[in-house]
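A.B. asks: For the record, in the sequence shown the residue sitting at position 15 is 18 according to this note's numbering, with numbers rising by one throughout. Think of the CB as a built atom: it goes at the ideal place given N, C-alpha and C, for glycine as much as any other residue. None of the values given here were measured: they were computed from a predicted structure.
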Amino acid sequence: MRYELVRSNRRTLALTVDRGGNLTVRAPLRMPAAQIETFVRAKQDWIEKTRVRLSQLPPPAEPLSLGDGATMPYLGRTLTLRRAAVARVTLSGDTLLFPLSAADTSPLIRWLEAQVRVEFDARVSRLSRALNLHPKTIRLSRAHGRWGSMSGRGTLSLNRALILCPPEVMDYVIIHELCHIAHPNHSAAFWALVERCLPGCRAWRAWLKSHNSLIFVLPDEP
4 MRYELVRSNR
14 RTLALTVDRG
24 GNLTVRAPLR
34 MPAAQIETFV
44 RAKQDWIEKT
54 RVRLSQLPPP
64 AEPLSLGDGA
74 TMPYLGRTLT
84 LRRAAVARVT
94 LSGDTLLFPL
104 SAADTSPLIR
114 WLEAQVRVEF
124 DARVSRLSRA
134 LNLHPKTIRL
144 SRAHGRWGSM
154 SGRGTLSLNR
164 ALILCPPEVM
174 DYVIIHELCH
184 IAHPNHSAAF
194 WALVERCLPG
204 CRAWRAWLKS
214 HNSLIFVLPD
224 EP
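1) Taking only runs of the alpha helix (DSSP H) that begin and end inside the stretch 161 to 211, which ones reach a length of at least 4 residues, in chain order?
2) How is the beta strand (DSSP E) around residue 103 delimited, first residue to last?
3) Relative to the C-alpha of residue 69, which residue among 88, 216, 16, 82 is closest?
4) Starting from the Cα of residue 113, find the closest Cα among 186, 158, 166 and give me that residue.
5) Measuring alpha carbon to alpha carbon, tell me which residue in 111, 139, 9 is nearest residue 183.
6) Consult DSSP for residue 227 and reduce its assignment to one of helix, strand or coil.
7) DSSP has residue 31 in a bridge; who is on the other side?
8) If you drop the 5 nearest sequence neighbours on each side, which residues of the same chain put their C-beta closer than 8 Å to that of residue 223?
9) By alpha-carbon positions, which one of 24, 36, 21 ends up nearest to residue 10?
10) Assuming residue 143 is part of the beta strand (DSSP E), what are its boundary residues?
11) Starting from the C-beta of residue 120, find all residues in its chain whose C-beta is less than 8 Å away, skip the five residues before and the five after it, and write them out in chain order.
12) Determine the burial state of residue 179: buried for a count of at least 16 other Cβ atoms within 10 Å of its Cβ, exposed for fewer.
13) Rounded to the nearest angstrom, how far is the Cβ of residue 164 from that of residue 103, given a contact under 8 Å?
14) Can you look up residue 121 in the DSSP assignment and give me helix, strand or coil?
15) Out of 192, 85, 187, 174, which has the shortest C-alpha to C-alpha gap to residue 79?
16) Between residue 27 and residue 19, which are expected to be in contact by the criterion C-beta below 8 Å, what is the C-beta distance as a whole number of angstroms?
17) Since residue 150 and residue 176 should fall inside the 8 Å C-beta cutoff, what is the C-beta to C-beta distance between them, to a whole number of angstroms?
18) Between which two residues does the alpha helix (DSSP H) containing residue 58 stretch?
19) Using 10 angstroms around the beta-carbon of residue 98, count the other beta-carbons present and answer buried if the total reaches 16, otherwise exposed.
20) Measuring CA to CA, which of 170, 188, 33 is closest to residue 210?
21) Excluding the 5 residues preceding and the 5 following residue 67 in the sequence, name in chain order all residues of the same chain whose CB lies nearer than 7 Å to its CB.
22) DSSP on residue 109, reduced to helix/strand/coil?
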């Protein structure tokens, strides 16, 4: 199986598959090639399923326009972006002000990601206490493949694009992933638990499916 191998000071192996089906393997600097090959072969079923899932996604949406006068969804609201004589990005009502001196959209992206982290921390803290399901760590994800995930080690990954969704949708994704702590699958028992934790969750699941293009629209920092 062909793949790009990226070695670094990391301690563990990791696989990523992009929308084109290209596989990247990230490995520790001194890990033997044979051990990497064994790992990739063991993950072949996951790799193929991921390629199929990504191939069925709708075409990527155009990146969100973040210029002066543009609008963007934000936690169920619509914000208007305006350049102004401010020192830093500032939210004023439904207007998001960003400095006249900003050469690009980097300050806006950094501001949005900071707000995402605040929202994630607060909501995960509240919901995990309510459900008595506690992740070990929370990670902000920029992946285009999924809204959230729960690793076997208890790492809860949440996509930064959730800041573009209504708060109820963010809560649904968090609850969905927290329920994987009790049921690391999508069995009937898992869905029953999600429904008990969030009655009417099917509506928010349907909302995500119909607005899936939002996961692609946040640009990276220039």
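C.D. replies: According to the structure data:
1) 170 to 185, 191 to 200
2) Where residue 103 is concerned, there is no enclosing beta strand (DSSP E), given that its DSSP letter is neither H nor E.
3) 82
4) 166
5) 139
6) Since the first and last residues shown for the chain are 4 and 225, residue 227 lies out of range.
7) 11
8) 112, 145
9) 36
10) 140 to 144
11) 143
12) buried
13) Contact flag wrong, Cβ pair sits at about 27 Å.
14) helix
15) 174
16) 5 Å
17) 5 Å
18) 47 to 58
19) exposed
20) 170
21) 75, 220, 221, 222
22) helix
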